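Structure first, commentary second.
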Amino acid sequence: MLERWLRRSRQDTDDAELRILFCCMGNICRSPTAEGVVRARLDIAGLAERVQLASAGTHAHHIGSRTDPRAQAAAAARGIDLSRIRARRITDEDFVRYDRIYAMDRDNLRNLQRSCPDDLRHKLALFLQHAESFDEDEVPDPYYGGPAGFERVLDLIEDAADGLIRDLAQQLK
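In our numbering, the protein residues as written are 6 to 178.
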């Protein structure tokens with residue numbers, strides 16, 4: 006199965022130079038928010054055609070579900086559309102396909118590390134390593150909280166997205 010996927014992935018028609026996957030637990034709050042924010046920032050930076058983005062969850066609780074309506078509303082208020090993103094679970098093929106896989110927190114990073122082949126673990130990191138204005142290294146899960154939690158998630162993700170875009174602009178010169 007993996008060999009068939011590898012053959013197919015080599016024949017991809019997209020021109021992406023870099024593939025990035027964002028991961029949280031259920032892929033309905035934090036990781037789709039990161040995907041949407043980074044996609045918007047890439048577009049502004051003129052890098053959208055060069056970087057492919059996706060998001061996934063480490064658990065299968067919400068497969069096929071839309072992004073949480075509260076995350077969509079908070080993002081929409083900042084001009085970010087998350088309406089087309091559907092939850093999915095990370096697959097073995099994702100560890101091969103994506104160049105960078107960013108976890109939203111340490112628990113999900115550990116889950117990814119357990120699933121990822123040893124020789125591909127260098128692709129795994131916490132997304133907030135790119136944040137410049139905040140000292141946190143984890144994006145908190147807003148699922149059981151109120152609107153303020155979703156706003157905080159967006160603040161953190163926007164900061165990390167800006168740092169990531171600066172790094173990508175240098176890397177993809």
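Cβ atoms here follow ideal geometry from the backbone N, Cα and C, with glycine treated the same way.
Source: prediction; values computed, not measured.
Contact annotation: the stretch 67-85 does not touch the stretch 100-120, with fewer than three C-beta pairs closer than 8 Å. The beta strand (DSSP E) runs lying completely inside the stretch 7-83 and spanning 3 residues or more are 23-29, 56-62, given in chain order. Of the candidates Ile49, Arg83, Arg46, the residue whose Cα lies closest to the Cα of Phe155 is Arg83. About 5 Å separates the CB atoms of Cys28 and Ala61; that is less than 8 Å, so the two are in contact. Taking the CA atoms as reference points, Ile90 sits about 12 Å from His67. By the 16-neighbour rule on beta-carbons within 10 angstroms, Ala59 is buried.
Scanning its chain for C-beta atoms nearer than 6 Å, with the 5 sequence neighbours on each side dropped, one finds around His135 the residues Ala165, Gly168, Leu169, in chain order.
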